[in-house]
Amino acid sequence: MAITEQPPPSRLRTWMLEGLSDMAGHQQGPYAEAEAPHKGQRWYRVMCLTGVDYFSTLGYQPGIAALAAGLLSPIATLVLVVVTLAGALPVYRRVAEESPHGEGSIAMLERLLSFWKGKLFVLTLLGFAATDFLITITLSAADASTHLIENPHLTSLLNGRQMLITLALVALLGAVFLRGFLEAIGVAVVLVVVYLGLNAVVVVVGLWHVLTAEHVVTDWTSALTTQHGNVFAMIGVSLLVFPKLALGLSGFETGVAVMPHVQGDPGDTEEKPTGRIRDAKKLLTTAALIMSGFLIATSFITTVLIPANEFKPGGKANGRALAYLAHQYLGGAFGTVYDLSTIAILWFAGASAMAGLLNLMPRYLPRYGMAPHWARAVRPMVIVFTLIAFLVTWIFDANVDKQGGAYATGVLVLMSSAAIAVTIAARRAAQKGWTIAFSVVSAVLIYVTVANVVERPDGVKIGACFIVGIILLSLLSRLARAFELRVTRVDLDPMAERFIRDMSHRRIRFIANKPGRRDKAAYRAKIEQIRADHDLPEAEDFVFVEVTITDPSEFEAGLTVRGEVLHDRYRVLTLEHSSVSNALAALLLHARDMTGCTPHIYFEWTEGTPFSNFLRFFLFGQGEVAPVTREVLREAEPNRVLRPRVHTG
């Protein structure tokens, strides 16, 4: 490949682009992952990273359940737990097994589609993933600022400053990731341990008050019977309101997104990370069991101990039901400590979302040619995502309720796609039982998604904005990078290498030939045409180069060159790549570097207008090959003296 001297990078540029080593031990560069030894953290530490998102929903989930279901909150929460343990958990355990490198269900579905339709499908899912993860960052920071402002000791001092506090929390989160990923995991472990410990104290005290004041349970059951009549009616209403509780399912997608950070076993390889898969399943199962226990207990004690009016907007328990109980039964000092812990974990809930974004987006967009090279590095992407989070916070005025619909939509779309992906995987594996089970889970999640969209269509609108933004920026990036050399490596078989070295003793002359009938007359006519067009003597010999288009929507790929002799006379190099021009340019540069000689390649002009030919090149990898090959060479090798020669007649 062409090697040109580059000025030494600045210290700032070096610091900004050293990022990939922070993310699960990957070295910098798109293909270093396969060669780098895997380093990571024990599964329970990584569970704390994804748990800051999942567990932090305890800060607002009991209040949401009480507003949505009223006295039925514990029963509706029980439905949520059943869906979690019997539906979402098996689905994502299968996703962890099928896609252990952090791509999640998106990678599973990507395999089903090729060409541009596959890329657009993935970009759409990435739009919903961006909605989920970015709204997690902004919503959690906004909720943290709400808890801070509503603390009795700080209300008068901080009232009216929610926007400023939320932006500061988002900026602080970005600063943690600029510092390094290992620091983020360390902070997450401390926050989760402290937060779950404080919640356990509140739950135990709450249950003690329920047991010692027997009338509260009696009053609750009597009111339930009065309102709903019988158990079947209660279950039916709980199923109807269940979609409103869907935020309690958040955390699974980030659980598989951060899989590359799980250490696994010493013998794990990127091709077969058995230990990582096993430990990721432990991570998902443990987090789901812990959260399910807390959800059931907290929904029960908040429903029976807090007056219904306090859950409504303006009430003291609105959005902070457990904090209300902490202040009510454990005093102002403990309540303040609980508030601080809740604020901290809600703020840092964005860490798992940021880790998911940093793992997910660079795996797809740069590979599709739909993002700059620096998008593979961590720190520039942290800055980009932080700035987008600032914009989202400003648009929604740091309001938790306004962002809830978008958050739920993103979560549910990704979960539904995961359920569909594992259903297809089970069917292909001829696992009839799992296929039926996953089909049922898919139907349930699709129902919940549709119900959520019908009730809160703003979530789809916001998701659509992210999707349109990602697609537009991706296509613009692809256009800007259209003439880059996309070949990552060139491998010659012995025959191909022999052809090139033999020609280097005279002059390296290639003829670009479109694969066709490959009969003797076609090759003879092509040579005669090239000699006539360029007035070349009979003594000059040539090697034909034929490129077969693979998937033109792919941006980067390696190139394997095979040599063969046809009709006992004509030497032919066969190549397969997504772009004819890139394959030819890469071959010319490789031949130059291998032999020290300047290769020549001969084309005939292609019919058609320049614009239509460019579209054919952009979409299908063909078009007007000669000038595009020359342009790729010009960008790859700025020195005209060293650049291979392109001839067109």
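The numbering used here puts the first residue of the sequence shown at -5, with every later residue one more than the last.
All C-beta atoms, glycine included, are put in the ideal place defined by N, C-alpha and C.
Just so we're clear, the structure is a prediction, and the values are computed from it rather than from any experiment.
- In the three-state reduction of the DSSP assignment, glutamine 35 falls in the strand class.
- Under the 8 angstroms Cβ criterion, the segment 337 to 346 counts as touching the segment 127 to 146, having at least three qualifying pairs.
- Counting along the chain, the unbroken beta strand (DSSP E) around aspartate 485 starts and ends at 481 to 486.
- The C-beta of aspartate 391 has fewer than 16 other C-beta atoms within 10 Å across all chains shown, which makes the residue exposed.
- From the listed residues Leu190, Leu167, Leu283, Ile337, the smallest Cα separation to leucine 83 is found for Leu283.
- Proximity to alanine 474 across Val481, Phe549, Ala413, Glu491 peaks at Phe549, based on C-alpha coordinates.
- Annotation note: the segment 77 to 157 contains the following uninterrupted alpha helix (DSSP H) runs of length 4 or greater, listed N- to C-terminal: 83 to 92, 99 to 104, 109 to 144, 149 to 152.
- Straight-line spacing of the CA atoms in leucine 172 and valine 376 works out to 7 angstroms.
- Beta-bridge annotation (DSSP): arginine 370 is not paired with any residue.
- For the set Ile456, Asn507, Val235, the Cα lying nearest the Cα of leucine 72 is the one of Val235.
- By the C-beta density criterion, aspartate 273 is buried, having at least 16 other C-beta atoms within 10 angstroms.
- Here arginine 628 carries a helix assignment [DSSP, helix/strand/coil].
- Tyrosine 517: member of the alpha helix (DSSP H) spanning 514 to 528, first to last residue.
- About 7 angstroms separates the beta carbons of valine 89 and methionine 102, which is inside the 8 angstroms limit, making them a contact pair.
- Inter-segment contact for the segment 47 to 64 and the segment 305 to 321 is present: three or more beta-carbon pairs are separated by less than 8 angstroms.
- Beta-bridge partners assigned by DSSP to alanine 506: Val539.
- Contact check for threonine 600 against valine 619 passes: the beta carbons are separated by less than 9 angstroms.
- Residue Asp259 holds the alpha-carbon nearest to the alpha-carbon of tryptophan 37 among Leu567, Arg361, Asp259.
- Bridge partners of glutamate 558 according to DSSP: Val566.
- Boundaries of the beta strand (DSSP E) around phenylalanine 597: 594 to 597.
- Cβ atoms of serine 436 and alanine 413 come within 8 angstroms of each other, at about 4 angstroms.
- The continuous beta strand (DSSP E) containing arginine 639 extends over residues 639 to 642.
- Around aspartate 487, the same chain offers Thr554, Val555, Arg556, Gly557 as residues with beta carbons nearer than 8 angstroms, after the five sequence neighbours per side are excluded.
- Glycine 309 carries a coil assignment under DSSP once its states are collapsed to helix, strand and coil.
- The straight-line gap separating the alpha-carbon atoms of leucine 408 and asparagine 446 is approximately 14 angstroms.
- In the DSSP assignment, the residues bridged to alanine 551 are Val481.
- The criterion of a C-beta distance shorter than 9 angstroms is not satisfied by arginine 565 and phenylalanine 597.
- Selection Arg637, Phe305, Arg518, Lys113 evaluated against asparagine 507 yields Arg518 as nearest (Cα-Cα).
- Judged by DSSP in its simplified three-state form, valine 256 adopts strand.
- Using a C-beta cut-off of 8 angstroms, the segment 186 to 201 makes no contact with the segment 260 to 280, since fewer than three inter-stretch Cβ pairs fall below that distance.
- With distances taken between CA atoms, alanine 124 lies nearest to Val386 out of Ala371, Val444, Val386, Pro451.
- When only Cα atoms are considered, histidine 321 and isoleucine 100 end up about 43 angstroms apart.
- Per DSSP, proline 356 is one residue of the alpha helix (DSSP H) stretching across 315 to 358.
- A Cβ-Cβ separation of about 26 angstroms leaves arginine 563 out of contact with threonine 592 under the 8 angstroms criterion.
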